[in-house]
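Accompanying notes for the structure given below.
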Amino acid sequence: MGQKGSKVQITENDKAILQLKRSRDEIHKFTRKTDQLISSERLKLKEMIKENPTKCKSDFRVRFLLKRIHYQDHLLQQALEQLINLENLVSTLEFKLVETQFIKGLERGNQILKKLNKEFENVDELMDDVQRQIAYQEEVDEVLAHSIAGVNDFETEIDKELDQMEREINPQQEIELPSVGKLPDLKQETITSTERKEQRKEEGTEAPVLA
1 MGQKGSKVQI TENDKAILQL KRSRDEIHKF TRKTDQLISS ERLKLKEMIK
51 ENPTKCKSDF RVRFLLKRIH YQDHLLQQAL EQLINLENLV STLEFKLVET
101 QFIKGLERGN QILKKLNKEF ENVDELMDDV QRQIAYQEEV DEVLAHSIAG
151 VNDFETEIDK ELDQMEREIN PQQEIELPSV GKLPDLKQET ITSTERKEQR
201 KEEGTEAPVL A
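For the sequence shown, full-length UniProt numbering gives the first residue as 1, with consecutive numbering after it.
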């Protein structure tokens with residue numbers, strides 16, 4: 001009789017690695033999509049600044065879009081950092097000791113992915129819905145205010161970035177001064193003036209003789 005093949009034992013570590021691979025694939029997928037979204041929205045932002053450069057800093061839509069781009073960058077960075085953390089946990093020899101941390105890490109990663117997925121909603125539709133717009137704006141402001149190291153006032157940083165973008169998009173034209181002809185030689189003019197004075201003096205001394 002042939003010997004029955006032994007059943008492969010799937011360990012918790014194996015399951016964790018499988019979950020990790022799925023999360024990694026999802027994060028890589030969203031990384032590509034988010035990069036494309038950010039590039040598209042940056043082009044749109046530049047067009048808005050070009051159309052109205054003098055009022056771009058006070059334009060709500062411009063500020064909203066720039067904050068949204070920074071927020072997407074932040075979420076993407078969070079997702080990548082979370083992936084690294086999970087990979088480090090799986091590589092631990094005694095996985096059982098960190099299993100709870102791993103599960104929480106996966107949950108955290110899934111939350112980030114859900115937020116990234118929401119970013120693919122049409123920005124125009126979002127700005128037309130006042131209630132959603134307010135809630136989104138508050139979330140973005142809170143995240144950015146606490147996530148940018150060394151920045152005390154994120155609104156000021158937004159102003160600076162818009163100024164920089166405006167200068168790049170609409171560079172000031174160099175002022176061309178009108179061309180001027182050759183200026184007279186001051187030295188030559190001085191000599192000529194002196195000669196005239198001498199000539200007048202000589203003419204004054206040569207008075208006519210009366211008969």
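For every residue, glycine included, the Cβ atom is placed at its ideal position computed from N, Cα and C. Only a predicted model underlies this, so the values are computations on that prediction, with no experimental measurement involved.
query	result
Check whether residue 66 and residue 45 have beta carbons under 8 Å apart	yes
Selected residue, minimal CA-CA separation from residue 143, among 55, 69, 56, 22	69
CA nearest to the CA of residue 109, picked from 75, 139, 159	75
Segment contact flag, the stretch 20-29 with the stretch 51-61, C-beta cutoff 8 Å, min 3 pairs	no
Assumed close pair residue 49, residue 169 - CB separation to whole angstroms, cut-off 8 Å	5 Å
When 31, 17, 78, 62 are compared against residue 166, the one with the closest alpha-carbon	62
The alpha helix (DSSP H) enclosing residue 25, as first and last residue numbers	12-51
For residue 170, the three-state DSSP class (helix, strand or coil)	coil
Own chain, CB closer than 6 Å to residue 115, minus 5 neighbours either side, in chain order	75
Three-way DSSP call (helix, strand, coil) for residue 8 in this model	coil
Rounded separation between residue 153 and residue 14 - CA only	46 Å
Alpha-carbon spacing of residue 19 relative to residue 42, whole angstroms	34 Å
Residue 103 vs residue 82 beta-carbon contact at 8 Å	no
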